[in-house]
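Below: one structure, written as structure tokens.
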Amino acid sequence: MPRTNDSLVDSLIHQHAGRDPERLALKYALLRRDPFAFLRGTNALFHARMPDEKSLYKAPLAWTSGDLHLENFGSYKADNRLVYFDLNDFDEATLAPASWALVRFVASVLLAAPGLGFKRDETIEHGMAFINAYADSLASGKARWLERDTAQGLIRDQLENLRDRSRKNLLDSRTRRAGKRRSLRVDGDKALPASDKQYARVQSLMEQFASTQPQPGFFEVLDVARRISGNASLGLERYVILVRGRGGPDDHYLLDLKEAQPSALTPFLRNHEPRWHSDAQRVIAVQQMMQVIPTAFLHALELGRRACVLRELQPSQDRVDLREAAGKPRLFRELLCQMGELTAWAQLRSSGRKGSAIADELVEFGLRHKWRSRLLSLAEQCAEQVEADWKHYCVAYDDGAFKL
């Protein structure tokens with residue numbers, strides 16, 4: 102039976118202590134939207150509520166992004182300047198039983214599917230399609246990847262569309278131009294103004310970083326703003342930085358500087374995790390192991406006492422728009438199967454690294470069938486718990502419990 106109690110409110114308030122109030126208020130409002138949005142923004146709560154099921158700990162250890170759900174896949178420009186579609190959020194990345202990521206992803210499918218017009222029977226079939234695609238890809242033992250020529254459906258369409266997007270198009274959407282000068286748009290949609298103190302801190306950090314790079318002028322800061330993006334991380338220290346890049350106003354680059362915090366999974370793990378110099382190092386190390394080619398400009402930096410991850414900005418629109426699959430079960434299932442394949446390939450790619458199971462163990466796990474239906478059942482339980490927690494949250498939110 103789902104559990105609901107007043108400690109949920111206290112727990113969420115405690116987890117978000119110290120965050121930027123302006124962006125935290127945006128997050129609390131997003132959590133109120135629907136159960137899927139609530140799942141996206143409450144990863145620690147999800148794992149705290151996850152059934153204490155022995156089978157979840159019997160799966161081989163694998164590197165995981167730590168927050169696998171429908172909207173944590175997307176396209177990005179890699180450091181070889183080619184565009185890939187892959188897992189793209191590693192803030193919670195850690196070493197965990199391979200099954201944990203699957204439970205969370207399938208729960209996200211169960212919660213998102215009704216809003217896309219799918220009936221319960223269809224939704225269950227979709228969840229199992231993801232599990233089977235994952236298992237079959239794992240059993241193959243080969244870590245592949247998706248690009249325009251190999252992707253299908255919505256993912257292929259997105260990669261085709263991105264092929265024609267120029268740097269100027271992206272800059273025009275995120276900046277204002279006056280003559281030869283650009284400045285960031287701070288309209289409360291994608292970004293908010295940075296204070297003078299925040300601007301100076303980021304500028305100082307980037308100057309130190311630039312001094313270690315072959316082309317320091319590339320990273321000359323032209324503007325800084327507080328970034329609004331995602332769900333779970335809203336309120337953490339995060340900035341969008343406009344840098345000179347290759348020179349002219351159409352050759353500037355947008356960078357994302359984001360505070361890294363401990364993985365939400367750590368308190369619930371029974372296995373040992375590697376020791377990292379910082380949480381930013383953890384995020385980057387796992388991302389480099391799991392992605393086929395990592396995101397461009399990926400670096401671990403320290404902003405004062407806060408560990409941060411620097412990367413090239415990934416626009417939120419570079420995720421698949423799930424609404425395009427609404428009422429189209431074949432298209433949705435095709436999308437889920439490709440996401441299942443990507444998950445398996447990422448685990449295979451990072452197998453045998455820093456404590457993770459070797460590829461042979463993952464292959465053997467993929468060949469088994471008994472765990473699949475049990476995992477689907479556990480995902481259903483988790484989805485029911487998320488819905489119950491969301492309803493409890495809505496009452497508390499409407500009563501002003503999360504007013505800042």
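Residue numbers (this note's numbering): 102 to 505.
In this text, a Cβ means the ideal position worked out from N, Cα and C, and glycines have one as well.
Predicted model only: the values in this text are computed from it and were never measured.
For the beta strand (DSSP E) containing residue i, name the first residue and the last one.
i: Val184; result: 184-188
i: Thr195; result: 195-198
i: Thr276; result: 276-279
i: Pro294; result: 292-294
i: Leu505; result: Unbroken run through Leu505: none, as it is neither H nor E.
Per DSSP, what are the beta-bridge partners of residue i in this structure?
i: Ala361; result: Its beta-bridge partners do not exist; DSSP assigns none.
i: His353; result: DSSP lists no partner for His353.
i: Trp246; result: Per DSSP, none; premise fails for Trp246.
i: Leu285; result: Thr276
Where does residue i fall in DSSP's three states?
i: His115; result: helix
i: Leu423; result: helix
i: Leu169; result: coil
i: Leu323; result: strand
i: Ser238; result: helix
i: Ser312; result: coil
i: Ser108; result: helix
i: Ala163; result: strand
i: Met102; result: Because Met102 carries a pLDDT of 40, less than 50, the predicted location of this residue cannot be relied on, and the following value inherits that uncertainty. Coil.
i: Leu414; result: coil
i: Arg120; result: coil
i: Gln448; result: helix
i: Thr251; result: coil
i: Asn181; result: coil
i: Ser267; result: coil
i: Phe191; result: coil
i: Gly218; result: coil
i: Glu154; result: coil
i: Asp135; result: coil
i: Gly318; result: helix
i: Gly228; result: helix
i: Leu298; result: Note on residue identity: the sequence assigns Lys, not Leu, to residue 298. Helix.
i: Gly428; result: coil
Just how far apart, CA to CA, sit residue i and residue j?
i: Asp180; j: Ala497; result: 45 Å
i: Tyr494; j: Asp500; result: 10 Å
i: Leu217; j: Lys359; result: 31 Å
i: His117; j: Gly331; result: 15 Å
i: His202; j: Asp168; result: The residue asked about is misnamed: residue 202 is Ala in this sequence, not His. Taking the straight line joining both Cα atoms gives about 7 Å.
i: Pro122; j: Leu505; result: 7 Å
i: Asp351; j: Lys281; result: 9 Å
i: Val344; j: Gln309; result: 14 Å
i: Pro152; j: Leu479; result: 7 Å
i: Gln482; j: Ser241; result: 30 Å
i: Ala194; j: Asp288; result: 32 Å
i: Ser334; j: Asp290; result: 16 Å
i: Thr367; j: Thr165; result: 12 Å
i: Ala326; j: Val341; result: 5 Å
i: Arg133; j: Pro416; result: 24 Å
i: Arg450; j: Leu443; result: 10 Å
i: Asn270; j: Gly349; result: 14 Å
i: Ala484; j: Ser305; result: 45 Å
i: Arg302; j: Leu404; result: 7 Å
i: Ser200; j: Leu477; result: 11 Å
i: Ala447; j: Lys455; result: 15 Å
i: Asp150; j: Trp491; result: The sequence given here has Arg at residue 150, not Asp. Arg150 and Trp491: Cα-Cα distance of roughly 13 Å.
i: Phe466; j: Pro315; result: 45 Å
i: Ala213; j: Phe320; result: 40 Å
i: Tyr129; j: Leu113; result: 10 Å
i: Ser108; j: Arg283; result: 47 Å
i: Ala197; j: Ala381; result: 18 Å
i: Arg124; j: Leu171; result: 23 Å
i: Arg257; j: Ser156; result: 35 Å
Could you spell out where the alpha helix (DSSP H) holding residue i opens and where it closes?
i: Trp491; result: 471-499
i: Lys178; result: Per DSSP, Lys178 belongs to no alpha helix (DSSP H); it is in the beta strand (DSSP E), 174-178.
i: Ser457; result: From DSSP, Ser457 is part of no alpha helix (DSSP H); its letter is neither H nor E.
i: Asn262; result: 254-264
i: Asn144; result: 144-150
Looking at the C-beta of residue i, does it have a partner C-beta in chain B at a distance below 8 Å?
i: Met440; result: Although the question refers to chain B, the structure presented lacks it and comprises just one protein chain.
Give the list of continuous alpha helix (DSSP H) stretches no shorter than 4 residues that lie fully inside the segment 326-410.
380-391
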